[in-house]
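S.K.: Here it is, the structure in full.
Protein chains: 2
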Amino acid sequence: MSQISPTHPRKLEDIDEWHLETDVAIVGFGGAGGCAAIEAADQGADVTIFEVAAASGGSTALSSAEIYMGGGGGTRVQRACGYEDSTEDLFNYLMLAQGDLADEERIRLYSEGSLDHFNWIVGLGVPYKDSEYKNKAIVALTDDCLLYTGNEKAWPFRDVAKPCPRGHNLEVEGDNGGPMFMETVTRQVESRGVRIEYNARVLTLIADEHGEILGLVVRIDGEQRHVRARKGVLLATGGFSMNREMWRHYSPKVANRAIPIGNPFDDGGGIRMGQGAGGSLLHMNQSFVTIPYYPPASHTFGILINAQGQRFINEDVYHARIAANNIQQLQTGNAVYLIIGERHWEQPNMLGGEIATAGDKIEEIAEEIDLPVDNLTHTFNHYNENAARGEDPLFHKQAEWLEPIEPTIAAVNITPGQHGLYVGFTLGGLETRPTGEVLTMDGDVVPGLYAAGRATCGLPRRAEGYGSGMSVGDVTFFGRKAGGQVAHRKTG
Amino acid sequence: MSQISPTHPRKLEDIDEWHLETDVAIVGFGGAGGCAAIEAADQGADVTIFEVAAASGGSTALSSAEIYMGGGGGTRVQRACGYEDSTEDLFNYLMLAQGDLADEERIRLYSEGSLDHFNWIVGLGVPYKDSEYKNKAIVALTDDCLLYTGNEKAWPFRDVAKPCPRGHNLEVEGDNGGPMFMETVTRQVESRGVRIEYNARVLTLIADEHGEILGLVVRIDGEQRHVRARKGVLLATGGFSMNREMWRHYSPKVANRAIPIGNPFDDGGGIRMGQGAGGSLLHMNQSFVTIPYYPPASHTFGILINAQGQRFINEDVYHARIAANNIQQLQTGNAVYLIIGERHWEQPNMLGGEIATAGDKIEEIAEEIDLPVDNLTHTFNHYNENAARGEDPLFHKQAEWLEPIEPTIAAVNITPGQHGLYVGFTLGGLETRPTGEVLTMDGDVVPGLYAAGRATCGLPRRAEGYGSGMSVGDVTFFGRKAGGQVAHRKTG
Numbered sequence: 256m257s258q259i260s261p262t263h264p265r266k267l268e269d270i271d272e273w274h275l276e277t278d279v280a281i282v283g284f285g286g287a288g289g290c291a292a293i294e295a296a297d298q299g300a301d302v303t304i305f306e307v308a309a310a311s312g313g314s315t316a317l318s319s320a321e322i323y324m325g326g327g328g329g330t331r332v333q334r335a336c337g338y339e340d341s342t343e344d345l346f347n348y349l350m351l352a353q354g355d356l357a358d359e360e361r362i363r364l365y366s367e368g369s370l371d372h373f374n375w376i377v378g379l380g381v382p383y384k385d386s387e388y389k390n391k392a393i394v395a396l397t398d399d400c401l402l403y404t405g406n407e408k409a410w411p412f413r414d415v416a417k418p419c420p421r422g423h424n425l426e427v428e429g430d431n432g433g434p435m436f437m438e439t440v441t442r443q444v445e446s447r448g449v450r451i452e453y454n455a456r457v458l459t460l461i462a463d464e465h466g467e468i469l470g471l472v473v474r475i476d477g478e479q480r481h482v483r484a485r486k487g488v489l490l491a492t493g494g495f496s497m498n499r500e501m502w503r504h505y506s507p508k509v510a511n512r513a514i515p516i517g518n519p520f521d522d523g524g525g526i527r528m529g530q531g532a533g534g535s536l537l538h539m540n541q542s543f544v545t546i547p548y549y550p551p552a553s554h555t556f557g558i559l560i561n562a563q564g565q566r567f568i569n570e571d572v573y574h575a576r577i578a579a580n581n582i583q584q585l586q587t588g589n590a591v592y593l594i595i596g597e598r599h600w601e602q603p604n605m606l607g608g609e610i611a612t613a614g615d616k617i618e619e620i621a622e623e624i625d626l627p628v629d630n631l632t633h634t635f636n637h638y639n640e641n642a643a644r645g646e647d648p649l650f651h652k653q654a655e656w657l658e659p660i661e662p663t664i665a666a667v668n669i670t671p672g673q674h675g676l677y678v679g680f681t682l683g684g685l686e687t688r689p690t691g692e693v694l695t696m697d698g699d700v701v702p703g704l705y706a707a708g709r710a711t712c713g714l715p716r717r718a719e720g721y722g723s724g725m726s727v728g729d730v731t732f733f734g735r736k737a738g739g740q741v742a743h744r745k746t747g
Numbered sequence: 256m257s258q259i260s261p262t263h264p265r266k267l268e269d270i271d272e273w274h275l276e277t278d279v280a281i282v283g284f285g286g287a288g289g290c291a292a293i294e295a296a297d298q299g300a301d302v303t304i305f306e307v308a309a310a311s312g313g314s315t316a317l318s319s320a321e322i323y324m325g326g327g328g329g330t331r332v333q334r335a336c337g338y339e340d341s342t343e344d345l346f347n348y349l350m351l352a353q354g355d356l357a358d359e360e361r362i363r364l365y366s367e368g369s370l371d372h373f374n375w376i377v378g379l380g381v382p383y384k385d386s387e388y389k390n391k392a393i394v395a396l397t398d399d400c401l402l403y404t405g406n407e408k409a410w411p412f413r414d415v416a417k418p419c420p421r422g423h424n425l426e427v428e429g430d431n432g433g434p435m436f437m438e439t440v441t442r443q444v445e446s447r448g449v450r451i452e453y454n455a456r457v458l459t460l461i462a463d464e465h466g467e468i469l470g471l472v473v474r475i476d477g478e479q480r481h482v483r484a485r486k487g488v489l490l491a492t493g494g495f496s497m498n499r500e501m502w503r504h505y506s507p508k509v510a511n512r513a514i515p516i517g518n519p520f521d522d523g524g525g526i527r528m529g530q531g532a533g534g535s536l537l538h539m540n541q542s543f544v545t546i547p548y549y550p551p552a553s554h555t556f557g558i559l560i561n562a563q564g565q566r567f568i569n570e571d572v573y574h575a576r577i578a579a580n581n582i583q584q585l586q587t588g589n590a591v592y593l594i595i596g597e598r599h600w601e602q603p604n605m606l607g608g609e610i611a612t613a614g615d616k617i618e619e620i621a622e623e624i625d626l627p628v629d630n631l632t633h634t635f636n637h638y639n640e641n642a643a644r645g646e647d648p649l650f651h652k653q654a655e656w657l658e659p660i661e662p663t664i665a666a667v668n669i670t671p672g673q674h675g676l677y678v679g680f681t682l683g684g685l686e687t688r689p690t691g692e693v694l695t696m697d698g699d700v701v702p703g704l705y706a707a708g709r710a711t712c713g714l715p716r717r718a719e720g721y722g723s724g725m726s727v728g729d730v731t732f733f734g735r736k737a738g739g740q741v742a743h744r745k746t747g
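Residue numbers (the numbering used here), protein chains in the order written: chain H, 256 to 747; chain G, 256 to 747.
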C-alpha cells in the first residue's frame with residue numbers, strides 16, 4: 256500500500272492490526288465534534304476524538320459562538336427581555352430564510368428542539384446574561400446576550416413571522432464568545448473521560464467489502480495508526496473554504512470574490528473522505544458571503560445602487576443577504592455603490608469600501624462614478640421623497656432607517672471583486688439525515704458513517720437567508736443529534 | 256444477490272460468467288452515445304450500445320439538433336453567408352457566456368475543434384444549406400441553416416466578441432432536425448457494425464477490488480446479462496430533469512418553476528451509477544431554463560418589469576438568460592411582467608403568459624397590476640424617451656429593438672411559477688476530463704469509466720449564457736472525444 260487516496264476508504268483486508276479501539280471515533284474537535292462527543296458519552300459510548308490541530312476549537316472558537324435559538328415561548332433570556340417567541344414563528348422564519356433550499360424536516364426538528372438546546376448549553380456552563388443588546392450589530396461587543404442577528408425585522412420576513420431577537424451571545428466582553436464556548440465544551444468533553452488525540456491527522460476511512468465503515472487511519476507522531484470504531488465514525492471536519500482550489504471549483508461565484516474565513520483545516524478533507532465512502536454531496540455551490548457593512552448601524556440609512564443607478568434590496572437586511580445580492584448585480588454591470596449622507600458615514604468601519612466621490616448634488620455624483628445620471632437621480636429623489644414620509648414603496652425598508660439622504664452625499668464603491676471586504680465560507684457538504692447518518696445518492700445510509708457541522712449540508716444553506724448564529728446553532732444542535740445516534744447504533 | 260443498488264457497482268467476485276464481451280460498452284444511444292460509437296469504431300474498437308428505449312434518438316432526437324459551431328474563419332455555411340468567424344471570437348464568447356462556471360480547457364478545445372467538427376458532421380451525411388435564416392428565432396422553421404441562437408449581438412457579449420451567427424440547422428422544413436440528425440447518426444453507427452441492444456436497461460456497473468470498471472449488468476428480455484467491456488464503459492445516459500424528485504433535490508430554484516424537457520429516460524440513472532463508482536459530480540444545481548418569449552421577434556420591443564416596476568435585463572438577449580433573470584427577481588417580489596405595445600404583441604405565441612391588463616396610460620396599467628405607479632411610470636417614460644433616440648443607457652439593448660412603447664399598452668404576466676411557460680433541463684452531472692474520463696474528487700481517473708453528454712457537467716453550465724445548439728454541440732463534440740479516448744485505452 257503505497258499511497259492513500261483520501262477520497263476512498265482503505266480496505267479492511269489491508270488492515271493487519273488495530274492499534275486502537277473505541278465505540279465512536281469523532282474526527283474534528285470544533286463545535287460539532289465537541290457537542291457530538293458529549294452526547295455520545297452521555298449515552299454510554301466510549302468516545303475518541305481525533306483533532307488535526309494542537310488544540311480543540313475549530314472554526315467555532317474563531318467565531319463569536321453566537322447561537323440562533325428561540326421558540327417554545329422563548330428562551331430564559333428572551334423571556335427575561337420581554338419576548339415571547341413561538342416555535343411556529345421560528346419555523347416560518349427559517350423556512351423563508353432558506354427558500355427553495357429549505358430542508359423542512361431539519362428546520363422542524365431545530366425549531367421544536369431549540370429551547371431544549373438552549374437549556375442544554377446553559378447546563379454545560381455557558382453563561383448568558385438576561386439582557387438585550389439593542390444596537391443593530393453583527394455581534395454584541397458588551398457582555399449582553401440577546402440581539403437581532405438576521406432579517407427578522409426586515410421585509411419580507413416580518414410578514415411571515417413575528418420578529419423576535421434570537422441571537423444569543425455569551426456573557427463576555429468583546430468578541431470573545433468563541434474561545435469561551437469551546438473552552439466550556441472542551442472541559443465537558445474531558446470530564447466525561449473522552450479520549451482526545453491532538454495533532455492527529457485522519458488520512459482515510461476503513462471499509463469492509465460491503466462498504467460498511469469500520470474505522471479510520473490516523474497519523475499520530477508520524478505513525479499511521481489503525482483505529483477500530485465499533486459503532487461508527489463521525490466526521491466533524493468543517494467546510495472547505497480554506498481549500499481555495501476546491502472552493503473555486505464548486506462555488507466560484509463567491510470564492511472568486513471573497514476572502515475565506517475559518518480555520519486553516521477547513522480544507523474539505525472530511526467531505527472528500529465521506530464522498531469516497533459513498534456519500535452524496537449537496538449544494539456544493541452554496542457559500543455564505545458577507546460584507547460587514549454595519550456596524551455602524553447608521554450605514555443602514557444609505558441606499559445600495561447598481562450599474563443602472565437602481566436600488567435592488569431593502570438595505571436593512573442582514574449583511575449576507577446584501578452581499579449575495581451585490582454579487583448578483585454583476586451580471587448586468589460592474590458597479591455597486593452605497594450612497595449615503597456623510598453624517599451617517601462613519602470611519603473606521605469594516606465595509607472595506609472607499610469613498611469614490613462626495614458632493615452636494617446627486618447628478619454630480621452620478622457623473623463622477625459614471626452611472627446613468629437621470630436614472631440615479633430619479634432613484635435618489637424617489638427614495639428621498641418617500642423616506643420623508645417614512646415609506647419605501649419599492650423594497651419596504653423599515654421606517655426606523657428611512658430618512659432623506661442629505662448633502663454632503665458620499666458614494667462608497669463596494670463593487671464585489673474590486674472594492675469592499677467580502678468574506679465567506681462554504682455551506683455545501685455531505686448529505687445526511689438530520690440524525691447524522693451519511694446518505695448515498697439512493698438515500699441509503701452508509702453504514703457506520705456519520706457527519707455533522709460544516710462538513711455537511713446542514714440547516715443554513717444560502718447567504719440570502721443567513722443570520723449570525725445559524726451555523727454554530729446548526730453544528731451544535733445536529734452535532735448532538737449525530738453523537739446520540741451513533742452511540743445507540745446496534746452493530747454485529 | 257437480492258437487490259442491485261444503482262449507485263454502487265457490483266463486485267467482480269459476484270460475477271460468475273460473462274454473457275457478452277466487447278471493447279467498448281456505451282450506455283445510451285442519443286447524440287452523445289451515437290457520436291462516441293462512430294468515433295470508437297473508427298478507431299478500431301469493437302463497440303456495443305445499450306439503449307433502454309426501443310429505438311435510438313434520446314433527447315437529441317427530440318431537439319432541433321441545432322449545433323453551435325464556428326471559428327477558424329467560419330464553417331462552409333458561415334463563409335457562404337458572408338461571415339468570417341474567428342476562433343478567438345468563439346472562445347471569448349463562450350467564456351463570457353459561462354462566466355464564473357467556464358471550463359477554459361473545454362471551451363478552448365471546442366473552439367479550436369469546432370470547424371473540424373462541422374466537417375465531420377457533414378461527412379456523416381447531415382445536410383446543411385448554405386443559407387441564413389434572418390429572423391430572431393429559436394430555430395429556423397424553414398430549411399435554412401444559419402441563425403443567431405444566443406446572446407451574440409446583445410450587450411455585454413458583443414463587446415467581447417464580434418457577433419456572428421453560429422447556430423446550424425439541418426436542411427429540413429419545420430422543427431424536424433432532431434429526428435433527421437439521429438437517423439443519420441444511427442445509419443452511420445449501423446454501417447460500422449456496432450452491436451446495438453435496444454430495450455436494454457443497464458442496472459449497474461461492475462468493478463474489481465481496485466475500483467476499475469470492467470463491465471456492466473444489463474437487463475435484456477427480462478434477463479440480467481453480464482457484459483465485459485475490455486476497454487471501458489461510456490455513460491451517455493442524459494441528464495435528470497425527468498426524475499422530478501432528483502431535479503428538485505439538486506436544482507430546486509428551476510425545478511420548482513419549470514416543466515422538464517427531454518426524453519422520459521433522462522432519469523439520472525447514469526449519473527448515479529457514475530457517482531457510485533467513485534465519480535465526482537459538478538454543478539448539480541445548474542439547469543437550463545427558458546421561457547420562449549420569441550418568436551414572434553416583435554416581443555423584443557417590449558420591456559420586462561419586476562415587482563419594483565424596474566427593468567432588470569436587456570430584453571434582446573437569449574430567452575434562457577431572460578428566464579434565469581426572471582426567476583432571480585422573485586427574491587424581492589412576486590411579479591414579472593412584459594410591458595408591450597399591442598401592435599408588437601402577437602398571439603398565439605409560446606410565452607404562455609396572459610394579458611393581465613391593457614390600456615392607454617402606464618399609470619393605469621401600474622395600478623391594475625398593483626406595481627409602484629410612480630416608479631413604473633418613470634421606468635416606462637425613461638425607456639421611451641431614450642428609445643426614441645435609439646438608446647438604452649441602462650441595459651444597452653440594440654437599437655433595432657428600440658421603439659417607444661405606444662398605446663394600447665399591454666401588461667403580460669409571466670411571473671415564474673405562476674404564469675408563463677417555463678421549461679428546463681439539467682446541466683450538472685459527472686465530472687470528466689474533456690476527453691471523457693470520469694474523475695474522482697481527487698482528480699484521479701476512475702479506470703475504465705467514461706462519460707459524455709448531459710450525464711456530465713459539460714461545456715454549457717448555466718442558463719444565463721446558454722444558446723441554442725450548445726448542448727447538441729457539446730454532446731456530439733465531446734461524445735466523439737470520449738469515444739476516441741476509450742477506444743485507445745491501453746489495458747492489461
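C-beta: ideal position from N, C-alpha, C; glycine also.
Quick one: list the residues of chain G neighbouring Gln298 of chain H, beta-carbon separation under 7 angstroms, in chain order.
M.R.: Along the first sequence, read from residue 1 onward, the residue named residue 298 of chain H stands at position 43. None at all; the shortest Cβ gap to chain G is about 30 angstroms.
S.K.: Against chain H, with Cβ distances strictly below 9 angstroms, would Lys408 of chain G count as a contact?
M.R.: Locating residue 408 of chain G in the second sequence gives position 153, where the first residue counts as 1. Taking Cβ atoms only, chain H never reaches closer than 9 angstroms to Lys408 of chain G, which makes this a no.
S.K.: Between G:Val727, G:Pro648, G:Ala295, G:Asn589, which lies nearest to Ala737 of chain G when the distance is taken from Cα to Cα?
M.R.: Taking the second sequence and counting its residues from 1, the one referred to as residue 737 of chain G is at position 482. Ala737 of chain G has its Cα closest to that of G:Ala295, out of G:Val727, G:Pro648, G:Ala295, G:Asn589.
S.K.: Using a beta-carbon distance below 9 angstroms, is Ser496 of chain H in contact with chain G?
M.R.: On the first sequence, residue 496 of chain H is found 241 positions in, with the first residue counted as 1. Ser496 of chain H does not count as touching chain G.
S.K.: If we call anything under 9 angstroms between Cβ atoms a contact, is Ile610 of chain H one with Ile558 of chain H?
M.R.: Stepping through the first sequence from its first residue, residue 610 of chain H is reached at position 355. Stepping through the first sequence from its first residue, residue 558 of chain H is reached at position 303. Cβ atoms of Ile610 of chain H and Ile558 of chain H: not closer than 9 angstroms.
S.K.: Do three or more CB pairs link the segment 545–556 of chain H to the segment 694–702 of chain H at distances below 8 angstroms?
M.R.: The segment 545–556 of chain H, when compared against the segment 694–702 of chain H, does not touch it at the 8 angstroms Cβ threshold.
S.K.: Count the other CB atoms within 10 Å of the CB of Asn589 of chain G; is the residue buried (16 or more) or exposed (fewer)?
M.R.: If you number the second sequence from 1, residue 589 of chain G lands on position 334. Asn589 of chain G should be labelled exposed.
S.K.: Work out the CA separation of Asn639 of chain G and Thr555 of chain H for me, nearest whole Å.
M.R.: Stepping through the first sequence from its first residue, residue 555 of chain H is reached at position 300. Stepping through the second sequence from its first residue, residue 639 of chain G is reached at position 384. So the two alpha carbons sit approximately 33 angstroms from each other.
S.K.: Just how far apart, CA to CA, sit Thr681 of chain G and Leu317 of chain H?
M.R.: Residue mapping note: residue 681 of chain G aligns to position 426 of the second sequence, counting from 1. Residue mapping note: residue 317 of chain H aligns to position 62 of the first sequence, counting from 1. Those two C-alpha atoms are separated by around 38 angstroms.
S.K.: Is Ala462 of chain H buried or exposed, if buried means 16 or more other CB atoms sit within 10 Å of its CB?
M.R.: Working through the first sequence from its first residue, we reach residue 462 of chain H at position 207. Classification of Ala462 of chain H: buried, given that the 10 Å Cβ count is 16 or more.
S.K.: Residues in its own chain within less than 6 angstroms of Asp278 of chain G by CB, not counting five upstream and five downstream?
M.R.: Translated into positions along the second sequence, residue 278 of chain G becomes position 23. Taken in chain order, the residues that qualify are Ala300, Asp301, Arg485, Lys486.
S.K.: Do you know whose CA, among G:Pro434, G:Gly477, G:Thr439, lies nearest Tyr453 of chain G's CA?
M.R.: The count along the second sequence starts at 1 and reaches residue 453 of chain G at position 198. Comparing Cα positions, the closest option is G:Gly477.
S.K.: Please classify Glu268 of chain H as buried or exposed, where buried requires at least 16 neighbouring CB atoms within 10 angstroms.
M.R.: As a first step, residue 268 of chain H must be located in the first sequence, where it is residue number 13. Glu268 of chain H is exposed by the Cβ-count criterion.
S.K.: Can you tell me whether DSSP reads Ala395 of chain G as helix, strand or coil?
M.R.: In the second sequence, the residue the question calls residue 395 of chain G occupies position 140. Three-state DSSP puts Ala395 of chain G in coil, outside helix and strand.
S.K.: Can you pull the chain G neighbours of Ile558 of chain H, defined as C-beta to C-beta under 9 angstroms?
M.R.: By one-based count along the first sequence, residue 558 of chain H stands at place 303. Per Cβ cutoff of 9 angstroms: no residues; Ile558 of chain H is ~13 angstroms from chain G at best.
S.K.: Measure the C-alpha to C-alpha separation of Asn561 of chain G and Asp615 of chain H and round it to an integer number of angstroms.
M.R.: Here the question's residue 561 of chain G lines up with position 306 in the second sequence. Here the question's residue 615 of chain H lines up with position 360 in the first sequence. Each residue's Cα considered, the two are about 31 angstroms apart.
S.K.: Does the beta-carbon of Ser366 of chain G have 16 or more other beta-carbons within 10 angstroms, so that it is buried, or is it exposed?
M.R.: Residue numbering aside, residue 366 of chain G sits at position 111 when the second sequence is read from its first letter. Classification for Ser366 of chain G: buried.
S.K.: List the endpoints of the continuous beta strand (DSSP E) containing His538 of chain H.
M.R.: By one-based count along the first sequence, residue 538 of chain H stands at place 283. No beta strand (DSSP E) contains His538 of chain H, which DSSP labels as neither H nor E.
S.K.: On a Cα-Cα basis, can you pick out the residue from H:Arg447, H:Arg421, H:Ala707 that is closest to Gln298 of chain H?
M.R.: Reading the first sequence from its first residue, position 43 is the one you call residue 298 of chain H. Comparing Cα-Cα distances from Gln298 of chain H to each of H:Arg447, H:Arg421, H:Ala707, the minimum goes to H:Arg447.
S.K.: Please report whether the beta-carbon of Pro547 of chain G lies at a distance below 9 angstroms from any beta-carbon of chain H.
M.R.: The sequence position of residue 547 of chain G within the second sequence is 292, counting from 1. Closer than 9 angstroms: no.
S.K.: Pick out whichever of G:Gly329, G:Ala335, G:Ala292, G:Gly288 has its Cα sitting closest to the Cα of Gly313 of chain G.
M.R.: Numbered from its first residue, the second sequence carries residue 313 of chain G at position 58. Checking every option, the nearest Cα to that of Gly313 of chain G belongs to G:Gly288.
S.K.: Put Asp278 of chain H into one of helix, strand or coil per three-state DSSP.
M.R.: Counting from 1 along the first sequence, the entry for residue 278 of chain H is found at position 23. Of the three classes helix, strand and coil, the one that applies to Asp278 of chain H here is strand, per DSSP.
S.K.: Have a look at Val226 of chain H and Ser535 of chain H and give me their C-alpha separation to the nearest angstrom.
M.R.: Any property of residue 226 of chain H remains undetermined from this structure, which presents chain H solely from 256 to 747.
S.K.: Between the C-alpha atoms of Tyr705 of chain G and Arg331 of chain G, what's the straight-line distance to the nearest angstrom?
M.R.: Here residue 705 of chain G is taken as the residue at index 450 of the second sequence, counted from 1. Here residue 331 of chain G is taken as the residue at index 76 of the second sequence, counted from 1. Whole-angstrom Cα-Cα distance: 32 angstroms.
S.K.: What residue range is occupied by the uninterrupted beta strand (DSSP E) comprising Thr303 of chain H?
M.R.: The residue you call residue 303 of chain H lines up with position 48 of the first sequence. Note, Thr303 of chain H: beta strand (DSSP E), 302–305.
S.K.: With hydrogens ignored, establish whether the beta-carbon of Tyr323 of chain G is closer than 8 angstroms to any heavy atom of the ligand FAD.
M.R.: With respect to the ligand FAD, the structure offers nothing, as it holds no ligand at all.
S.K.: Which residues in the same chain have their Cβ closer than 7 angstroms to the Cβ of Thr612 of chain G, if we skip the five residues on either side of it in sequence?
M.R.: For this step, residue 612 of chain G is matched to residue 357 along the second sequence. Counting only Cβ-Cβ distances below 7 angstroms, and skipping sequence neighbours, we find Ile620, Glu623, Ile624, Ala666.
S.K.: Check whether the segment 489–498 of chain H touches the segment 524–540 of chain H, taking contact to mean three or more Cβ pairs, one atom from each stretch, closer than 8 angstroms.
M.R.: Touching, per the Cβ criterion.
S.K.: Distance check for Ala416 of chain G and Gln653 of chain G, CA to CA, integer angstroms please.
M.R.: Here residue 653 of chain G corresponds to residue number 398 of the second sequence, with the count starting at 1. Here residue 416 of chain G corresponds to residue number 161 of the second sequence, with the count starting at 1. Whole-angstrom Cα-Cα distance: 15 angstroms.
S.K.: Mind checking the segment 611–630 of chain G against chain H and listing, in chain order, the residues whose C-beta falls within less than 7 angstroms of any C-beta there?
M.R.: Answer set for the segment 611–630 of chain G: Pro627, Asp629, Asn630.
S.K.: According to DSSP, Gly470 of chain G sits in a beta bridge with which residue or residues?
M.R.: Translated into positions along the second sequence, residue 470 of chain G becomes position 215. Partner(s): G:Ile461, G:Arg483.
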